[in-house]
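Asker: These protein sequence lines are chains L and B, in that order.
Heads up: the first sequence at position 85 corresponds to 70 in the working numbering, and the numbers run straight through without jumps.
Heads up: the second sequence at position 13 corresponds to -2 in the working numbering, and the numbers run straight through without jumps.
Yeah, the Cβ is synthetic: ideal placement off N, Cα and C, and Gly gets one too.
Let me give you the structure first, and then I'll get to my questions.
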Amino acid sequence: KNQVEQSPQSLIILEGKNCTLQCNYTVSPFSNLRWYKQDTGRGPVSLTIMTFSENTKSNGRYTATLDADTKQSSLHITASQLSDSASYICVVSEGSGGSYIPTFGRGTSLIVHP
Amino acid sequence: DAGVTQSPTHLIKTRGQQVTLRCSPKSGHDTVSWYQQALGQGPQFIFQYYEEEERQRGNFPDRFSGHQFPNYSSELNVNALLLGDSALYLCASSLDLGPQHFGDGTRLSIL
């Protein structure tokens, strides 16, 4: 069964600090991995997407890494801001040849305090 | 340029009833996917519509059905509602299998 596990479940940090969120997956065959940010009461917004051949992707203060051998990904947030408070969801899609079945993690709830 | 819009934003139903949720995709997008997100959980993939046909389907019963119209908008229908169907229903649109853009969802409560 395809699974995406995220850790930690929740995280509290001070404004200006860095943090790293983890994602482990067992999805096969692997197609791509995406990180989303979901504010409370809103739909998820895409931060990064990586395919098998990519091992790092940045979007401003967000940097995602992918190790396809160990099936692990991380999302690093630099110089956190209050607006970074949200749920961060890792999504891994399986398939090839046009197939697309995504498996979502439960998300990491990040709270940034002033 | 309007993004993905969903209606209604909130809905209350009772067990056994039927419900229809609606989604208008982002301009230029031709593919619509539906997700169910229970409280405190990640979204679960229900199905995806492309060219007015269901292209992919997740592990959901036949009570969940959908439709895509020629203008790419989509509906999600759920029959014989159960208490466990209470969730946030998210619609995402994309250009074929490209990056998905999500709407803010419909919050469905079953009493």
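Please check the pair Gln29 of chain B and Phe89 of chain L, which I expect to be a contact at CB under 8 angstroms, by giving their CB distance rounded to whole angstroms.
Answerer: Numbered from 1 along the second sequence, position 44 holds the residue referred to as residue 29 of chain B. Numbered from 1 along the first sequence, position 104 holds the residue referred to as residue 89 of chain L. Yes, they are in contact, since the Cβ atoms of Gln29 of chain B and Phe89 of chain L sit about 7 angstroms apart, within 8 angstroms.
Asker: So the beta strand (DSSP E) Tyr10 of chain L belongs to, where does it begin and stop?
Answerer: Reading the first sequence from its first residue, position 25 is the one you call residue 10 of chain L. Per DSSP, Tyr10 of chain L belongs to the beta strand (DSSP E) from Cys4 to Tyr10.
Asker: Name the chain L residues whose beta carbon is nearer than 9 angstroms to that of Pro84 of chain B?
Answerer: By 1-based counting over the second sequence, the position of residue 84 of chain B is 99. Correct list: Arg19, Ser31 and Ile34.
Asker: Residues of chain B with CB under 8 angstroms from Ser86 of chain L, in chain order?
Answerer: Indexing the first sequence from 1 puts residue 86 of chain L at position 101. It is Ile, not Ser, that sits at residue 86 of chain L in the sequence shown. Ordered by position in chain B, the residues that pass the 8 angstroms Cβ test against Ile86 of chain L are Phe30, Gln41 and Gly43.
Asker: Say whether the region 59 to 72 of chain B touches the region -12 to 8 of chain B, bearing in mind that this needs 3 or more beta-carbon pairs closer than 8 angstroms, one atom from each stretch.
Answerer: The region 59 to 72 of chain B is in contact with the region -12 to 8 of chain B.
Asker: Compare the Cα-Cα distances from Ser(-8) of chain B to each of B:Ser12, B:Leu73, B:Phe49 and B:Arg48 and report the closest residue.
Answerer: Looking up residue -8 of chain B in the second sequence gives position 7. Checked all of B:Ser12, B:Leu73, B:Phe49 and B:Arg48; the closest Cα to Ser(-8) of chain B is B:Leu73.
Asker: For Ser(-8) of chain L, which residues from the same chain have a beta carbon less than 6 angstroms from its beta carbon, with the 5 sequence-adjacent residues on both sides left out?
Answerer: Within the first sequence, numbered from 1, the residue matching residue -8 of chain L stands at position 7. Counting only Cβ-Cβ distances below 6 angstroms, and skipping sequence neighbours, we find Gln7.
Asker: Give the DSSP bridge partners of Arg92 of chain B, in chain order.
Answerer: Counted from its first residue, the second sequence places residue 92 of chain B at position 107. DSSP output for Arg92 of chain B lists B:His(-5) and B:Leu73 as bridge partner(s).
Asker: Is Ile74 of chain L close to chain B, meaning its C-beta is less than 8 angstroms from at least one C-beta of that chain?
Answerer: Locating residue 74 of chain L in the first sequence gives position 89, counting from the first residue. It does: the Cβ of Ile74 of chain L has a partner Cβ on chain B nearer than 8 angstroms.
Asker: Pull up the distance between the alpha-carbon of Gln53 of chain B and that of Tyr20 of chain B, whole angstroms please.
Answerer: Along the second sequence, read from residue 1 onward, the residue named residue 53 of chain B stands at position 68. Along the second sequence, read from residue 1 onward, the residue named residue 20 of chain B stands at position 35. Near 15 angstroms, if we compare the C-alpha coordinates of Tyr20 of chain B and Gln53 of chain B.
Asker: With C-beta atoms as the reference, is Glu33 of chain L less than 8 angstroms away from Asn44 of chain L?
Answerer: Here the question's residue 33 of chain L lines up with position 48 in the first sequence. Here the question's residue 44 of chain L lines up with position 59 in the first sequence. Rather than Glu, the amino acid found at residue 33 of chain L in this sequence is Thr. Yes. Within cutoff.
Asker: For Pro55 of chain B, which option in B:Asp15, B:Gln26 and B:Phe87 has the closest C-alpha, if you only look at C-alpha atoms?
Answerer: Sequence index remark: in the second sequence, residue 55 of chain B carries index 70 (1-based). Nearest of B:Asp15, B:Gln26 and B:Phe87 to Pro55 of chain B, Cα basis: B:Asp15.
Asker: Using only CA atoms, which one of L:Leu95, L:Pro99 and L:Ser72 lies nearest to Arg27 of chain L?
Answerer: The count along the first sequence starts at 1 and reaches residue 27 of chain L at position 42. With distances taken between Cα atoms, Arg27 of chain L lies closest to L:Ser72.
Asker: Based on DSSP bridge pairs, tell me the residues matched to Thr16 of chain B.
Answerer: Residue numbering aside, residue 16 of chain B sits at position 31 when the second sequence is read from its first letter. DSSP output for Thr16 of chain B lists B:Tyr35 and B:Ser79 as bridge partner(s).
Asker: So which of B:Gly13, B:Ser71, B:Arg48 and B:Arg42 has the shortest CA-CA distance to Leu(-4) of chain B?
Answerer: Along the second sequence, read from residue 1 onward, the residue named residue -4 of chain B stands at position 11. Of B:Gly13, B:Ser71, B:Arg48 and B:Arg42, the residue nearest in Cα terms is B:Ser71.
Asker: Who are the neighbours of Leu75 of chain B on chain L, taking C-beta pairs under 8 angstroms?
Answerer: For the purposes of this step, residue 75 of chain B is identified with residue 90 of the second sequence, where counting begins at 1. Here the neighbours are Gly28 and Pro29.
Asker: Can you find a C-beta in chain B that's less than 8 angstroms from the C-beta of Phe89 of chain L?
Answerer: Mapped onto the first sequence, residue 89 of chain L falls at position 104. Yes - at least one Cβ of chain B is within 8 angstroms of the one on Phe89 of chain L.
Asker: Assuming the contact rule is C-beta atoms closer than 8 angstroms, Thr63 of chain L and Thr50 of chain L should be a hit. Round their C-beta distance to whole Å, please.
Answerer: One-based indexing of the first sequence puts residue 63 of chain L at position 78. One-based indexing of the first sequence puts residue 50 of chain L at position 65. In fact, because the Cβ distance is near 13 angstroms, the residues do not count as touching under 8 angstroms.
Asker: Would DSSP call Ser72 of chain L helix, strand or coil?
Answerer: Reading the first sequence from its first residue, position 87 is the one you call residue 72 of chain L. In this structure, Ser72 of chain L counts as strand in the three-state DSSP scheme.
Asker: Note down the Cα distance separating Gly90 of chain B from Gln22 of chain B, rounded to an integer number of angstroms.
Answerer: As a first step, residue 90 of chain B is located in the second sequence; it is residue number 105 there, counting from the start. As a first step, residue 22 of chain B is located in the second sequence; it is residue number 37 there, counting from the start. Cα to Cα, Gly90 of chain B sits roughly 9 angstroms from Gln22 of chain B.
Asker: Taking the straight line between their C-alpha atoms, what separation do you get for Ser94 of chain L and Val76 of chain L?
Answerer: Position 109 of the first sequence holds residue 94 of chain L. Position 91 of the first sequence holds residue 76 of chain L. One C-alpha to the other measures close to 15 angstroms.
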